[in-house]
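**Q**
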């Protein structure tokens, strides 16, 4: 498992794979055809390019399809195989003194790669995490954090694919069919419309100076924008983006659809109330905190707050600073908060996230140990840019 990069690779733009349609297609795709579209359209493998495909044992059939298509396109292909058992052992069995060893051998590996395709490396993601101390996770993240900034100067383009399974859905407290059908639907969303809506929203954010976010639960806070260009995950990686100087510009995620923007780090002021948010697959309920000079203070919750505070304690630096916010655009990726779930997909249309901590991957100045970043979903949010609504009660204003 390539621990230092797998998680970072999930920060990405979206990619157009399905034929655009007005209504999303919920049926499972033909994986061979999907692999062909990924290789030829999403990452556009060229003859002689080095292609690495990484994933867990449960994704082997799809990795094989991807590898075959990459070879047919002239790519030089290598598969990196991950294992629930091996990763779990790293989390719980490896002596703590070894967790801080930096995997520096990965630097020349990634320098040689042209295309990196990352699938889920484990099948039971909740079981993998269960009972592991936040400190051990923090040590692993800190050891691998050095690679993220180096990746900006490398050449490879990256695609992270969410491969839906019943077991993965259960980790989010969703039924297998609900989760699997939802992910396929989000893959088959109308990415042409997502791109158009995203371009409009991105321009509005670029031209705005201030943001106000409110919600029925009591959220009401403001912050200023930096003037930096937001990141638009719109379903397309252009040739210009593939040459970008930051990894996030050369990356894609399937499925997706969102705009993420930096905040002026010392400008946030006001109250945030979050009915529910996942923390290591457990639900934090009725979370509240107050922004003062850009820093979240007095965070408390009716339940589950220990998880968050342990993660913060295992990191370091400005972990409570407002780093960024995002607005989702994908209409086929709904929230699920029934039956004890707290599933708020960042790219879901109208889903608004407030992100504390590290924002260096976007070009910001908030840097934490281990790239710590934690997002809070603002349910049914209303977002104002310079007083004008762009999201109204959880729906993007067109």
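Numbering (this note's numbering), first residue to last: 694 to 1091.
A virtual CB, placed ideally from N, CA and C, is assigned to each residue, including glycine.
If we ignore side chains and look at the alpha-carbon of each, how far apart do residue 788 and residue 1067 end up?
**A** Residue mapping note: residue 788 aligns to position 95 of the chain shown, counting from 1. Residue mapping note: residue 1067 aligns to position 374 of the chain shown, counting from 1. Cα to Cα, residue 788 sits roughly 27 Å from residue 1067.
**Q** Tell me, to the nearest whole angstrom, how far the beta carbon of residue 936 is from that of residue 1083; I am working on the premise that it is less than 8 Å.
**A** Taking the chain shown and counting its residues from 1, the one referred to as residue 936 is at position 243. Taking the chain shown and counting its residues from 1, the one referred to as residue 1083 is at position 390. Not confirmed; about 30 Å, so no contact.
**Q** Using a Cβ distance threshold of 8 Å, determine whether the region 835 to 846 contacts the region 912 to 925, with at least three qualifying pairs required.
**A** Cβ pair count under 8 Å is below three, so no.
**Q** Return the Cβ separation of residue 1050 and residue 1061 in integer angstroms, given the expectation that the two are a contact with Cβ distance under 8 Å.
**A** Reading the chain shown from its first residue, position 357 is the one you call residue 1050. Reading the chain shown from its first residue, position 368 is the one you call residue 1061. 5 Å between Cβ atoms; contact.
**Q** Do residue 954 and residue 923 have their beta-carbon atoms positioned less than 7 Å apart in this structure?
**A** Position 230 of the chain shown holds residue 923. Position 261 of the chain shown holds residue 954. For residue 923 and residue 954, yes; Cβs fall inside 7 Å.
**Q** Whole angstroms are fine: how far does the CA of residue 791 sit from the CA of residue 970?
**A** Counting from 1 along the chain shown, the entry for residue 970 is found at position 277. Counting from 1 along the chain shown, the entry for residue 791 is found at position 98. For residue 970 and residue 791, the distance between alpha carbons rounds to 32 Å.
**Q** Can you name the residues that DSSP bridges to residue 865?
**A** Residue 865 sits at position 172 when you count from the first residue of the chain shown. DSSP output for residue 865 lists no bridge partner at all.
**Q** On the DSSP bridge list, what partners appear for residue 906?
**A** Within the chain shown, residue 906 is the residue found at index 213, counting from 1. According to DSSP, residue 906 bridges with 914, 1076.
**Q** On the three-state DSSP scale, how would you describe residue 1029?
**A** Counting from 1 along the chain shown, the entry for residue 1029 is found at position 336. DSSP places residue 1029 in strand when its eight states are reduced to three.
**Q** Output the distance between the C-alpha atoms of residue 1076 and residue 770, rounded to the nearest integer angstrom.
**A** The residue you call residue 1076 lines up with position 383 of the chain shown. The residue you call residue 770 lines up with position 77 of the chain shown. Whole-angstrom Cα-Cα distance: 45 Å.
**Q** Would you report the Cα separation of residue 805 and residue 1008, rounded to the nearest angstrom?
**A** Within the chain shown, the letter at position 112 stands for residue 805. Within the chain shown, the letter at position 315 stands for residue 1008. When rounded, the distance between both Cα atoms is 31 Å.
**Q** Does the pairing of the region 768 to 787 with the region 888 to 895 give three or more beta-carbon distances under 8 Å?
**A** No, because fewer than three Cβ pairs between the region 768 to 787 and the region 888 to 895 fall closer than 8 Å, the two stretches do not touch.
**Q** Taking contact to mean 3 or more Cβ pairs, one atom from each stretch, closer than 8 Å, check whether the region 1015 to 1029 and the region 945 to 953 are in contact.
**A** They touch, by the three-pair rule.
**Q** Distance, Cα to Cα, residue 1037 vs residue 1046?
**A** In the chain shown, the residue the question calls residue 1037 occupies position 344. In the chain shown, the residue the question calls residue 1046 occupies position 353. If you take the alpha carbons of residue 1037 and residue 1046, they lie about 9 Å apart.
**Q** Can you name the residues that DSSP bridges to residue 809?
**A** What you label residue 809 is simply residue 116 of the chain shown in a count that begins at 1. In the DSSP output, where bridge partners are listed per residue, residue 809 has 745, 851.
**Q** Where DSSP assigns a beta bridge to residue 964, which residues make up the other side?
**A** Within the chain shown, the letter at position 271 stands for residue 964. DSSP, once it has assigned bridges, lists 913, 983 as partnering residue 964.
**Q** For residue 1073, I'd like the list of residues in its chain whose CB is within less than 7 Å of its CB, leaving aside the five on either flank, ordered along the chain.
**A** As a first step, residue 1073 is located in the chain shown; it is residue number 380 there, counting from the start. So the list reads 908, 909, 1086, 1087, once near-sequence residues are dropped.
**Q** Could you please give the first and the last residue of the uninterrupted alpha helix (DSSP H) stretch that includes residue 856?
**A** What you label residue 856 is simply residue 163 of the chain shown in a count that begins at 1. Looking at the DSSP string, residue 856 is not in any alpha helix (DSSP H), and its letter there is neither H nor E.
**Q** In three-state terms, what does DSSP make of residue 1036?
**A** Indexing the chain shown from 1 puts residue 1036 at position 343. DSSP places residue 1036 in strand when its eight states are reduced to three.
**Q** Run the CB neighbour count on residue 751, radius 10 Å, all protein chains shown included, and call it buried at 16 or more, exposed below.
**A** The count along the chain shown starts at 1 and reaches residue 751 at position 58. Buried.
**Q** Taking Cβ positions, are residue 749 and residue 855 nearer each other than 7 Å?
**A** By 1-based counting over the chain shown, the position of residue 749 is 56. By 1-based counting over the chain shown, the position of residue 855 is 162. In this structure, residue 855 does not lie closer than 7 Å to residue 749 by Cβ.
**Q** Helix, strand or coil, according to DSSP, for residue 839 in the structure here?
**A** For this step, residue 839 is matched to residue 146 along the chain shown. In this structure, residue 839 counts as coil in the three-state DSSP scheme.
**Q** When we look at the beta-carbon of residue 726 and count the other beta-carbons within 10 Å, is it buried (16 or more) or exposed?
**A** For the purposes of this step, residue 726 is taken as residue 33 along the chain shown, with counting starting at 1. Burial call: exposed.
**Q** Does the beta-carbon of residue 1014 have 16 or more other beta-carbons within 10 angstroms, so that it is buried, or is it exposed?
**A** In the chain shown, the residue the question calls residue 1014 occupies position 321. Its Cβ being crowded by 16 or more others within 10 Å, residue 1014 is buried.
**Q** Just the Cα atoms here: how many angstroms apart are residue 742 and residue 864?
**A** For the purposes of this step, residue 742 is identified with residue 49 of the chain shown, where counting begins at 1. For the purposes of this step, residue 864 is identified with residue 171 of the chain shown, where counting begins at 1. Looking at the two C-alpha atoms, the distance is approximately 36 Å.
**Q** Looking at residue 1034: is its Cβ nearer than 7 Å to the Cβ of residue 866?
**A** For this step, residue 1034 is matched to residue 341 along the chain shown. For this step, residue 866 is matched to residue 173 along the chain shown. The answer is yes: Cβ separation under 7 Å.
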